[in-house]
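Student: Below you'll find the structure I mean.
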Amino acid sequence: MITSSKLGILGRMNDKDSRFQALIHQKGRELYRPMPWRDQPTLYYVLVSELMLQQTQVARVLTKFGEFTAKFPDIESLAAAELTEVLRAWQGLGYNRRAQYLHRVSQAIVAGAPVATLDDLVELPGIGINTAGAIMNYAYQVPTPFIETNIRTVYLNHFFANQTAVADRDILPIVERTMDQANPRQWFWALMDYGSELKSQGKGKLSASRHYTKQSQFTGSLRQMRGEILRRYVGEQPLAEITTELQDDPRFAAALDGLQRDGLIAAKWQNRALSY
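As numbered in the numbering used here, residues 202 to 477 make up the sequence shown, in order.
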């Protein structure tokens, strides 16, 4: 069971904490950004948005979210869809395994998987502790400390200003200590919006985090080839034709193999495709 003692010890707020809380409430009022998953923070909308927002900018997600939920308006319609349909609707967001996880999660929930607690949520495919924490706050209004990039940015700036190699385990107890227990949904929205502002001002400080890694170049990467194969595949180009056109690229075999291992492309087609 995931308990508060595992997430950090809840301490008493001091004067600095109180000033910080007042600032976040102020920033929440000043910087609030309307978004469809904020306007309707249902479990389904929150789940879709959280998976989309992993490694993808908000502006990009805002466009795709509307398109995706128009095609799959509820969790039942998403669960009933073929994976290829889901991947096709996901195109443009990248990191396509997130779409696969979202599809599996929807099927698990429709099949009766419990989703009431943090422990329930982390049992779902592709749902880690921080995504589960976000869902608890946004969908259920249950105060649950969690960390993501913008939240990390805020706490690094205000509590670790001159430090480096700061671990999330050092930040999490402060998140727990300072969060608004009565209004967790609005509190974490405010942190997200304030973190975005800090980044836009060049105060991201993410290199101060022990968990910071510089994203590798996309152009020429295996990830780029995976995306290109999948884009064509969900666009209904025959895999044999895709193979003919791309197999001279040294990344192709490994990319196709990885997609098939991940279940994003049916493995049964491999030998047939490569025999042409």
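Note that the Cβ used here is the ideal one computed from N, Cα and C, for glycine as well. Note that this is a predicted model, so its numbers are computed, not measured.
1) Alpha carbon to alpha carbon, how far is N358 from P235? Give it in angstroms, no decimals.
2) Are A314 and L325 close, meaning C-beta to C-beta below 8 Å?
3) Should T264 go down as buried or exposed, given a rule of 16 or more other Cβ atoms within 10 Å for buried?
4) Taking the alpha-carbon positions, what's the A391 to Q308 distance?
5) In terms of residues, what are the limits of the alpha helix (DSSP H) holding Q308?
6) Check the C-beta distance from N338 over to M393 and give it rounded, since I have them as a contact under 8 Å.
7) Enumerated in chain order, which unbroken segments of the alpha helix (DSSP H) with a length of 4 residues or greater are wholly contained in the segment 322 to 348?
8) Mind listing, in chain order, the continuous alpha helix (DSSP H) runs of no fewer than 4 residues lying wholly within the segment 249 to 276?
9) For a quick check, are the C-beta atoms of T354 and G405 less than 8 Å apart?
10) Distance check for P346 and Q382, CA to CA, integer angstroms please.
11) On a Cα-Cα basis, can you pick out the residue from L279, G396, I375 and F361 that is closest to K228?
12) Rounded to whole angstroms, what is the Cα-Cα separation between L252 and L294?
13) Tell me the DSSP secondary structure of P385 in three-state form.
14) With L288 and L465 assumed to form a contact (beta carbons below 8 Å), what rounded beta-carbon distance in angstroms separates them?
15) My output table needs one value for N215: the three-state DSSP class, helix, strand or coil.
16) Relative to the C-alpha of Y341, which candidate in G459, T243, F360 and S401 has its C-alpha closest?
17) Just the C-alpha distance for V311 and R220, rounded to the nearest angstrom, thanks.
18) What does the Cβ neighbour count give for Y479, buried or exposed, with the cut at 16 atoms within 10 Å?
19) From the DSSP output, in three-state form, read off Y233 for me.
20) Tell me the DSSP secondary structure of P374 in three-state form.
21) S355 lies in the alpha helix (DSSP H); which residues open and close that run?
22) For R462 versus L423, is the C-beta distance shorter than 8 Å?
23) Straight-line CA distance for Y296 to L460?
24) Using the beta-carbon count (16 or more within 10 Å), is E377 buried or exposed?
25) Cβ atoms of I336 and L248: under 8 Å apart, would you say?
Tutor: Well, looking at it:
1) Counting from one through the sequence shown, the residue named residue 235 turns up at place 34. Counting from one through the sequence shown, the residue named residue 358 turns up at place 157. Their backbone Cα atoms lie some 25 Å apart in a straight line.
2) Position 113 of the sequence shown, counted from the start, is the residue given in the question as residue 314. Position 124 of the sequence shown, counted from the start, is the residue given in the question as residue 325. The answer is yes: Cβ separation under 8 Å.
3) Counted from its first residue, the sequence shown places residue 264 at position 63. The residue is exposed, with fewer than 16 neighbouring Cβ atoms inside 10 Å.
4) If you number the sequence shown from 1, residue 391 lands on position 190. If you number the sequence shown from 1, residue 308 lands on position 107. Computed Cα separation, rounded: 32 Å.
5) Here residue 308 corresponds to residue number 107 of the sequence shown, with the count starting at 1. In the DSSP assignment, Q308 falls within the unbroken alpha helix (DSSP H) covering R298 to V311.
6) Residue 338 sits at position 137 when you count from the first residue of the sequence shown. Residue 393 sits at position 192 when you count from the first residue of the sequence shown. Not confirmed; about 11 Å, so no contact.
7) The segment 322 to 348 contains these whole alpha helix (DSSP H) runs: 330 to 341.
8) Runs of the alpha helix (DSSP H) lying entirely within the segment 249 to 276, each at least 4 residues long, are 259 to 272 in chain order.
9) Numbered from its first residue, the sequence shown carries residue 354 at position 153. Numbered from its first residue, the sequence shown carries residue 405 at position 204. Result yes, Cβ atoms of T354 and G405 sit closer than 8 Å.
10) Position 181 of the sequence shown, counted from the start, is the residue given in the question as residue 382. Position 145 of the sequence shown, counted from the start, is the residue given in the question as residue 346. The alpha-carbon separation between Q382 and P346 amounts to approximately 10 Å.
11) Along the sequence shown, read from residue 1 onward, the residue named residue 228 stands at position 27. Nearest to K228 by alpha-carbon distance, out of L279, G396, I375 and F361, is G396.
12) Your numbering for residue 252 matches position 51 in the sequence shown. Your numbering for residue 294 matches position 93 in the sequence shown. It is roughly 10 Å from the alpha-carbon of L252 to the alpha-carbon of L294.
13) Translated into positions along the sequence shown, residue 385 becomes position 184. It is helical.
14) Taking the first residue of the sequence shown as 1, we reach residue 288 at position 87. Taking the first residue of the sequence shown as 1, we reach residue 465 at position 264. Under the criterion of beta carbons closer than 8 Å, L288 and L465 qualify as touching, at roughly 7 Å.
15) Looking up residue 215 in the sequence shown gives position 14. Under the three-state reduction of DSSP, N215 is assigned to coil, being neither helix nor strand.
16) As a working note, residue 341 is residue 140 in the sequence shown. With distances taken between Cα atoms, Y341 lies closest to T243.
17) Stepping through the sequence shown from its first residue, residue 311 is reached at position 110. Stepping through the sequence shown from its first residue, residue 220 is reached at position 19. Cα-Cα distance, rounded: 44 Å.
18) This structure cannot settle anything about residue 479, because the visible part of the chain is limited to 202 through 477.
19) For the purposes of this step, residue 233 is taken as the residue at position 32 of the sequence shown. Three-state DSSP puts Y233 in coil, outside helix and strand.
20) Mapped onto the sequence shown, residue 374 falls at position 173. Helix at P374.
21) For the purposes of this step, residue 355 is identified with residue 154 of the sequence shown, where counting begins at 1. According to the sequence as given, residue 355 is Val; it is not Ser. Residues T350 to F360.
22) Start at 1 with the first residue of the sequence shown, and residue 462 comes out as number 261. Start at 1 with the first residue of the sequence shown, and residue 423 comes out as number 222. The answer is no: Cβ separation not under 8 Å.
23) Walking along the sequence shown from the start, residue 296 turns up at place 95. Walking along the sequence shown from the start, residue 460 turns up at place 259. In this structure, the CA atom of Y296 is about 11 Å from the CA atom of L460.
24) Your numbering for residue 377 matches position 176 in the sequence shown. Label assigned to E377: buried.
25) As a first step, residue 248 is located in the sequence shown; it is residue number 47 there, counting from the start. As a first step, residue 336 is located in the sequence shown; it is residue number 135 there, counting from the start. For L248 and I336, yes; Cβs fall inside 8 Å.
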